[in-house]
Structures are given as C-alpha cells and as structure tokens.
Amino acid sequence: MAAAAPLVIVGAGQAGGRAALTLRAEGYRGAILLLGEEPDPPYERPPLSKGFLTGERSLASFTFATTEALAEAGIDFRPGCRVLAIDRPAKQLRLADGGAIAYAKLLLATGRAARPLPGAQADEPRIFCLRTRADADQLRAALRPGARLAILGGGFIGLEVAASAMALGCAVTVIELAPALLSRCVPAPLAAILAARHQAAGVRILLGTGLQAVMATEQGLSLDLGGGRRLEADALLVGIGAVPRAELAVAAGLATDQGILVDARLQTSDPDIFAAGDVCALPDPSGNGHVRLEAWQNADRQGALAARNLLGAGLSYVELPWFWSDQYELTLQIAGWPARAARTVTRAIAADACILFHLDEQGRVLGAGGVGPAGLGRDLRLAQLMIERAARPDPAAVADPTRGLKTLLR
Ligand SMILES: Cc1cc2nc3c(=O)[nH]c(=O)nc-3n(C[C@H](O)[C@H](O)[C@H](O)COP(=O)(O)OP(=O)(O)OC[C@H]3O[C@@H](n4cnc5c(N)ncnc54)[C@H](O)[C@@H]3O)c2cc1C
Numbered sequence: 139m140a141a142a143a144p145l146v147i148v149g150a151g152q153a154g155g156r157a158a159l160t161l162r163a164e165g166y167r168g169a170i171l172l173l174g175e176e177p178d179p180p181y182e183r184p185p186l187s188k189g190f191l192t193g194e195r196s197l198a199s200f201t202f203a204t205t206e207a208l209a210e211a212g213i214d215f216r217p218g219c220r221v222l223a224i225d226r227p228a229k230q231l232r233l234a235d236g237g238a239i240a241y242a243k244l245l246l247a248t249g250r251a252a253r254p255l256p257g258a259q260a261d262e263p264r265i266f267c268l269r270t271r272a273d274a275d276q277l278r279a280a281l282r283p284g285a286r287l288a289i290l291g292g293g294f295i296g297l298e299v300a301a302s303a304m305a306l307g308c309a310v311t312v313i314e315l316a317p318a319l320l321s322r323c324v325p326a327p328l329a330a331i332l333a334a335r336h337q338a339a340g341v342r343i344l345l346g347t348g349l350q351a352v353m354a355t356e357q358g359l360s361l362d363l364g365g366g367r368r369l370e371a372d373a374l375l376v377g378i379g380a381v382p383r384a385e386l387a388v389a390a391g392l393a394t395d396q397g398i399l400v401d402a403r404l405q406t407s408d409p410d411i412f413a414a415g416d417v418c419a420l421p422d423p424s425g426n427g428h429v430r431l432e433a434w435q436n437a438d439r440q441g442a443l444a445a446r447n448l449l450g451a452g453l454s455y456v457e458l459p460w461f462w463s464d465q466y467e468l469t470l471q472i473a474g475w476p477a478r479a480a481r482t483v484t485r486a487i488a489a490d491a492c493i494l495f496h497l498d499e500q501g502r503v504l505g506a507g508g509v510g511p512a513g514l515g516r517d518l519r520l521a522q523l524m525i526e527r528a529a530r531p532d533p534a535a536v537a538d539p540t541r542g543l544k545t546l547l548r
C-alpha cells in the first residue's frame, strides 16, 4: 500500500514553523513536510532590524525551531527548497529543483517580500532591503561607524534600522514622502514622540521628500531628491513596505486580493489548502471585507491555529491584533481596532510616554496604543485587558496619569 500523502507546509517562517511544531504537539503522527526557500530553520524576524543588526543578538538566540528540534519531532524540514507551483487537481507541488511532492493538505505560509525600489539596479550592492537573515547580514556589513546611511521610508523597518544604525555610529538620513513619519498605521501623537527621539539621537529626517533617482559612483550613491536637492550616501536601505507572496495561490486559481483570501478558519477557497501569517487576508470582524494583520504575534498564532484546523478542529481565528516596535529605549505597542473608534482619550504620561485609548460610541475600549520607555509595557498590557473585557472606563480617569489603570478595568 502506498504511504499516505503528508501534510505539507510551504514557507518555514513564523507561521510555517509554528504550524509544524503545533501539528506534533497536537499529537499528529503522520508525515509532515516543511519546505522553506531560505537556508535557515524557522527564526523570528523582529530582531533582524534591532539586536541582530547591532550585533547584540545571535541568530541562534531567535531561532525558534532548530534543525535538531525539527528532526527530533520527526518533521521533514527541507531548507533551500523553493516551491514553484501547486497542481491542485493532482494535489502536488512542483519544486524549483525539478522534483514534485504530493500533499494530503497544504498550508501556505509564504509571508511577504520587501517592496523593491522601482527602477533600481538589482545588482547594486549598496542598495539594501530587509526581510531575511541574509539581508540583515549584508546590511550589517555596510553599517560601519561613520558610514552615511540613507533610508527610504519612515515606517517601522526604516525607523528601527535608523535607531540600530545610530547605535553603530552611522550618520543616518530618513527620506519620507508623507508629511509625517509612520503615518500609515500609527496615531500622530505617538509617531511624534518617536520622531522627536530620532531627532534627538541625530537622525536627519526629510519629510515630504521623494527619491527621484539613484546614481551609483565609485565614491558612493548620489540620491536625487528632486528640486535640485541631492544626498550623498554610502548605503541606501529601501523600507517602502512589503507585498504578500501570494504568487503560488494566484497561479493555482485560489481566491486572492492583495493576499490569499481565507475564512475565519484560515481555509482558502480550496478546502484542502489553508493559509496563515502575513500572506493571508482574513474576514474583518466588522464585516467589511478582509484584513491582513502583518505582525509577529498574528503569524505565530495563525500558524498554530492553521495546524489545528489542518487536523480538522474547525476553529475560528479570534485573536486581538497586537504589534510592537522597539526604537532606542522606547517601545511602541498598538492593540485592537483603533480605526473603528468613535473617540480617542489621551493619557499623556511624560514628554516621551503616552497612551491613547480608542473608544466606541458606548465608551467601550476598542483599541489602545502607546509609546514610552519599557516600563510602559505594564500599562499597555492593562489596556489590552480592557479591550478584551470590553471595559467602559471613565474617560476622565483614563486620561489622568495619576490614576492607576488597574482600578479602571471594569
Ligand atoms: C526586519 C523585520 C522586523 C520586524 N519587526 C517586527 C516587530 O517588531 N513586531 C512585530 O509585531 N512584527 C515585526 N515584523 C513582522 C513579523 O516578523 C512578520 O509579521 C512575520 O515574520 C510573518 O510571518 P510569516 O510566517 O507570515 O512570514 P515570514 O516569516 O516572512 O516567512 C515566510 C517564509 O516563506 C518562504 N517562502 C515564500 N515563498 C516560498 C516558496 N515559494 N517556496 C518556499 N518558501 C517560500 C520565505 O522565504 C520565508 O522564509 C518584522 C519583520 C521584519 C522583516
């Protein structure tokens, strides 16, 4: 009798690695294949722009499923293995090395790819993006003390790299087209605290500025910023967002729309194929279309849930969105659904610390976001509890930083 086809996971990142481990933790004893195109076993990406870039952390310290642990769990992990296509009628994957693999059920956990600089010379070694450990190694080699680093994009990746590069003694300029940093998903008062911290550290911030062209010379890169302005740099980091890697799903005819569309159980339009993490777009709980939650915790928890559902659990993903960013000694955290709020209450704690509470029309906390030194994490955890409990705190008390948040949890 032929062996039963395995459960196959494409993408050995946060969601894929977590899914593989969860399948075994749930007691599944059949064959599991984890296919990843990177050479490394599953690791967490957040340190790539922070402690790994500054040299404070090693890859081993954030590899969450080592090759040995995967082997011990009986998971067939294949690094350097790129999947080229899904043949749904045959339930087979076509691999870049010419091989083919049959699947019983499939999880797509292919993440996102850094958006490249339009028109840039792909082979210019002084232009960087940051998505993988290999990208981080290359960028790190360019961040010598005194190096002039230009960063295109004042979003999370750009600003985290700016903070790390300052710590390494680089001269950093951030170029941002919008009139403010982090304008896409961070409320203005919180973004302003981070912007002030970058300025205090000596980062030059050019707002409302685009990059027209890059000229590579022997001396470095000459950036044309328009209006006759030029910026000379030794290296350019492109941090202008990332795009979901949905190409396999698109070619296989699965439902996609800027990501792989899934239902609340993370099932795609094919009942034998699930998707999890950055690549998937799940139904917005408010009933308005789909959302992509591009953050570490989401990928981790969706990976675990997808594994249970591959085994038939039929569970819905109901986790509260949450993400963080660390820059210098400051932490930023945003939880819940701030965009749906009717009003916002500001808890101004210090010049460098503030929490915003986003309330619905009935005064229930729908979302919260804060920035401040690490100690603020405790209050942000309480804010998260308020969201989970749909608490309706007195807005005046919430705004008063002398009132403990614990007493307002009702
Ligand atoms: C530099 C950086 C810093 C970050 N910092 C934070 C942070 O501070 N806080 C936070 O909440 N989030 C942060 N994130 C986001 C977080 O890391 C991601 O949300 C998370 O990694 C998504 O996990 P994933 O499994 O969906 O995708 P990924 O971790 O990207 O994994 C996808 C994997 O699939 C592989 N793959 C793709 N296509 C194929 C194919 N055809 N065949 C084989 N393999 C394939 C890719 O090579 C990759 O290894 C950061 C991300 C980056 C890049």
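Using the numbering used here, the first residue of the sequence shown is number 139, and each one after it goes up by one.
The C-beta atom is built at its ideal place from N, Cα and C for all residues, glycine as well.
Any non-hydrogen atom of ligand 1 within 8 Å of residue i CB
| i | result |
| --- | --- |
| W475 | no |
| G237 | no |
| R269 | yes |
| E467 | no |
| L222 | yes |
| R250 | yes |
| E182 | yes |
| D111 | The question about residue 111 has no answer here: the residues shown for the chain are numbered 139 through 548. |
| G508 | no |
| E457 | no |
| C219 | yes |
| A150 | yes |
| S187 | yes |
Of the residues the options, the one placed nearest residue i, counting alpha carbons only
| i | options | result |
| --- | --- | --- |
| A537 | K243, G515, S454, A506 | A506 |
| V146 | G515, G249, G346, K229 | K229 |
| T192 | A338, Q337, M304 | M304 |
| R195 | A389, D275, R342, G293 | D275 |
| L497 | R527, T469, G510 | R527 |
| L287 | A300, F294, I295 | A300 |
| A339 | T355, V312, A316, E356 | V312 |
| A153 | A143, Y181, V221 | Y181 |
| A169 | K243, G218, F266 | K243 |
| G293 | R478, A326, T270 | A326 |
| R162 | G441, A477, P533, P177 | G441 |
| G513 | V341, L363, I487, L504 | I487 |
Assigned exposure category for residue i - 16 Cβ within 10 Å defines buried
| i | result |
| --- | --- |
| E298 | buried |
| R439 | buried |
| Q465 | buried |
| V249 | Checking the sequence shown, residue 249 turns out to be Gly, not Val. G249 is buried by the Cβ-count criterion. |
| P550 | Nothing about residue 550 can be read from this structure; the chain reaches only from 139 to 548. |
| Q471 | buried |
| G427 | exposed |
| S302 | buried |
| V456 | exposed |
| L237 | The amino acid at residue 237 is misidentified as Leu; the sequence shows Gly. Exposed is the call here. |
| L172 | buried |
| D416 | buried |
| L453 | exposed |
Three-state class that DSSP yields for residue i in the structure shown
| i | result |
| --- | --- |
| L404 | coil |
| V456 | coil |
| L349 | coil |
| I378 | coil |
| Q276 | helix |
| S302 | helix |
| K544 | helix |
| D214 | strand |
| R430 | coil |
| L186 | helix |
| F563 | Look at the range of the chain in this structure, 139 to 548, and you will see that residue 563 is not part of it. |
| D490 | coil |
Integer Cβ distance of residue i from residue j, believed to fall under 8 Å
| i | j | result |
| --- | --- | --- |
| P254 | V376 | 7 Å |
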